[in-house]
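FYI, in UniProt numbering the residues of the sequence shown are 1 to 156. Worksheet: one structure, shown below.
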Amino acid sequence: MAAENYTPDEKDLSILRILQKDAKLSIRDIANKINLSPTPTHERIKRMEKLGIIKEYTTVVDRKKVNKGMTVICMIALNVHNKKTAGQFIEEVSRLKEVIEFYNISGDFDFMLKILAANMDEFHDFFVNKLSEIEGIGQTKSIFVMNSIKESTEIV
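As C-alpha coordinates, this is what we get:
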(Lines of atoms letter the chains of each structure in order from A and count residues from 1; the text may use other names and numbers.)
(Lines give C-alpha, C1' and ligand atoms only; values in the text may rest on other atoms or scores of the structure.)
Protein backbone atom coordinates (compact mmCIF):
# COMPACT_ATOMS: atom_id res chain seq x y z
CA MET A 1 0.00 0.00 0.00
CA ALA A 2 1.54 3.32 -1.10
CA ALA A 3 1.46 6.27 1.31
CA GLU A 4 -0.31 8.46 -1.26
CA ASN A 5 -3.19 5.94 -1.37
CA TYR A 6 -3.37 5.61 2.40
CA THR A 7 -5.51 7.81 4.60
CA PRO A 8 -4.90 7.43 8.34
CA ASP A 9 -8.07 6.62 10.25
CA GLU A 10 -8.92 8.09 13.65
CA LYS A 11 -6.98 5.36 15.52
CA ASP A 12 -3.86 6.09 13.44
CA LEU A 13 -4.25 9.83 14.02
CA SER A 14 -4.60 9.18 17.75
CA ILE A 15 -1.40 7.14 17.69
CA LEU A 16 0.39 9.95 15.83
CA ARG A 17 -0.82 12.55 18.34
CA ILE A 18 0.43 10.43 21.23
CA LEU A 19 3.82 9.73 19.61
CA GLN A 20 4.33 13.41 18.81
CA LYS A 21 3.93 14.24 22.49
CA ASP A 22 6.00 11.33 23.82
CA ALA A 23 7.67 8.86 21.43
CA LYS A 24 9.19 6.99 24.39
CA LEU A 25 5.85 5.49 25.47
CA SER A 26 5.61 1.72 25.26
CA ILE A 27 3.30 0.05 22.76
CA ARG A 28 1.21 -1.12 25.72
CA ASP A 29 0.82 2.47 27.02
CA ILE A 30 -0.16 3.74 23.57
CA ALA A 31 -2.62 0.87 23.14
CA ASN A 32 -4.24 1.66 26.49
CA LYS A 33 -4.65 5.32 25.53
CA ILE A 34 -6.48 4.45 22.30
CA ASN A 35 -8.44 1.46 23.64
CA LEU A 36 -6.80 -1.08 21.36
CA SER A 37 -4.71 -4.14 22.18
CA PRO A 38 -0.91 -3.94 21.83
CA THR A 39 -0.56 -6.16 18.73
CA PRO A 40 -2.78 -4.13 16.36
CA THR A 41 -1.33 -0.90 17.82
CA HIS A 42 2.18 -2.14 17.03
CA GLU A 43 1.07 -3.20 13.53
CA ARG A 44 -0.41 0.26 12.88
CA ILE A 45 2.81 1.97 13.99
CA LYS A 46 4.95 -0.34 11.85
CA ARG A 47 2.68 0.28 8.82
CA MET A 48 2.95 4.06 9.27
CA GLU A 49 6.74 3.74 9.57
CA LYS A 50 6.93 1.60 6.43
CA LEU A 51 4.76 4.06 4.49
CA GLY A 52 6.93 6.98 5.59
CA ILE A 53 4.13 8.67 7.53
CA ILE A 54 6.34 8.33 10.60
CA LYS A 55 9.68 9.50 9.22
CA GLU A 56 11.82 9.24 12.35
CA TYR A 57 11.94 9.49 16.10
CA THR A 58 13.95 12.36 17.50
CA THR A 59 14.74 14.39 20.59
CA VAL A 60 13.77 18.03 21.02
CA VAL A 61 16.67 19.86 22.64
CA ASP A 62 16.50 23.15 24.56
CA ARG A 63 18.73 25.31 22.33
CA LYS A 64 19.75 27.69 25.09
CA LYS A 65 20.99 24.83 27.28
CA VAL A 66 23.37 23.68 24.54
CA ASN A 67 24.66 27.18 23.80
CA LYS A 68 22.66 27.73 20.60
CA GLY A 69 20.29 30.39 21.90
CA MET A 70 20.43 32.77 18.93
CA THR A 71 18.06 32.09 16.04
CA VAL A 72 18.46 33.89 12.73
CA ILE A 73 16.13 33.74 9.74
CA CYS A 74 18.18 34.43 6.64
CA MET A 75 16.52 35.20 3.31
CA ILE A 76 18.63 34.65 0.20
CA ALA A 77 18.14 35.63 -3.44
CA LEU A 78 20.39 34.04 -6.02
CA ASN A 79 22.07 36.25 -8.61
CA VAL A 80 21.51 33.68 -11.37
CA HIS A 81 18.33 31.63 -11.70
CA ASN A 82 19.10 28.31 -13.33
CA LYS A 83 19.15 24.67 -12.27
CA LYS A 84 22.91 24.45 -11.97
CA THR A 85 23.32 27.48 -9.68
CA ALA A 86 20.32 26.53 -7.54
CA GLY A 87 21.44 22.91 -7.34
CA GLN A 88 24.94 23.84 -6.21
CA PHE A 89 23.56 26.32 -3.69
CA ILE A 90 21.15 23.75 -2.25
CA GLU A 91 23.89 21.12 -2.02
CA GLU A 92 26.30 23.43 -0.18
CA VAL A 93 23.76 24.92 2.24
CA SER A 94 22.40 21.46 3.06
CA ARG A 95 25.82 20.54 4.45
CA LEU A 96 25.96 23.48 6.90
CA LYS A 97 25.24 22.18 10.41
CA GLU A 98 24.25 25.67 11.60
CA VAL A 99 21.27 25.60 9.21
CA ILE A 100 18.48 23.64 10.88
CA GLU A 101 15.70 24.47 8.38
CA PHE A 102 16.02 25.31 4.70
CA TYR A 103 13.16 26.28 2.38
CA ASN A 104 12.78 27.22 -1.28
CA ILE A 105 10.32 30.13 -1.23
CA SER A 106 8.56 32.52 -3.59
CA GLY A 107 8.60 36.30 -3.58
CA ASP A 108 11.57 38.67 -3.41
CA PHE A 109 13.89 35.93 -2.12
CA ASP A 110 14.53 32.39 -3.33
CA PHE A 111 15.47 30.64 -0.09
CA MET A 112 14.88 30.96 3.64
CA LEU A 113 17.27 29.48 6.19
CA LYS A 114 16.79 29.04 9.92
CA ILE A 115 20.20 29.27 11.53
CA LEU A 116 21.28 28.62 15.11
CA ALA A 117 24.29 30.23 16.76
CA ALA A 118 25.55 30.80 20.29
CA ASN A 119 25.74 34.57 19.83
CA MET A 120 26.29 37.38 17.33
CA ASP A 121 30.03 36.67 17.03
CA GLU A 122 29.37 33.05 16.12
CA PHE A 123 26.69 34.03 13.60
CA HIS A 124 29.01 36.65 12.07
CA ASP A 125 31.76 34.04 11.69
CA PHE A 126 29.29 31.62 10.07
CA PHE A 127 27.93 34.29 7.73
CA VAL A 128 31.33 35.65 6.63
CA ASN A 129 33.32 32.42 6.45
CA LYS A 130 30.73 29.88 5.33
CA LEU A 131 27.46 31.23 3.95
CA SER A 132 28.76 34.22 1.98
CA GLU A 133 31.45 32.03 0.41
CA ILE A 134 28.81 30.02 -1.46
CA GLU A 135 28.66 30.90 -5.15
CA GLY A 136 25.50 32.39 -6.58
CA ILE A 137 24.25 34.51 -3.71
CA GLY A 138 22.99 37.88 -4.95
CA GLN A 139 21.24 39.32 -1.91
CA THR A 140 20.72 38.37 1.73
CA LYS A 141 18.53 39.65 4.54
CA SER A 142 19.01 38.44 8.10
CA ILE A 143 16.27 38.65 10.69
CA PHE A 144 17.26 38.10 14.31
CA VAL A 145 14.64 36.34 16.44
CA MET A 146 14.11 38.21 19.71
CA ASN A 147 11.79 35.67 21.33
CA SER A 148 10.18 32.41 20.27
CA ILE A 149 6.43 32.59 20.88
CA LYS A 150 5.50 29.14 19.59
CA GLU A 151 7.52 26.19 18.32
CA SER A 152 6.01 22.81 17.64
CA THR A 153 6.75 19.55 15.90
CA GLU A 154 3.12 18.38 16.17
CA ILE A 155 1.25 18.39 12.87
CA VAL A 156 -1.84 16.24 13.48
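Built from N, CA and C at the ideal position, the CB exists for glycine as well. Bear in mind that the values here come from a model prediction, so they are computed numbers and not experimental data.
{"Item": "Less than 8 Å between the C-beta atoms of M120 and I73, yes or no?", "Value": "no"}
{"Item": "Could you check if L131 is buried or exposed, using at least 16 other CB atoms within 10 Å of its CB as the buried criterion?", "Value": "buried"}
{"Item": "What does the alpha-carbon distance come out to for the pair K55 and I155?", "Value": "13 Å"}
{"Item": "For N35 and I18, I'd like the C-alpha separation in whole angstroms.", "Value": "13 Å"}
{"Item": "When you compare each of A31, L13, H81, E135 to S106 by their alpha carbons, which one comes out closest?", "Value": "H81"}
{"Item": "In terms of DSSP beta bridges, what is N104 paired with?", "Value": "F111"}
{"Item": "Rounded to whole angstroms, how far is the Cβ of K114 from the Cβ of T58, which I believe are closer than 8 Å?", "Value": "The pair is not a contact, with the Cβ atoms about 16 Å apart (cut-off 8 Å)."}
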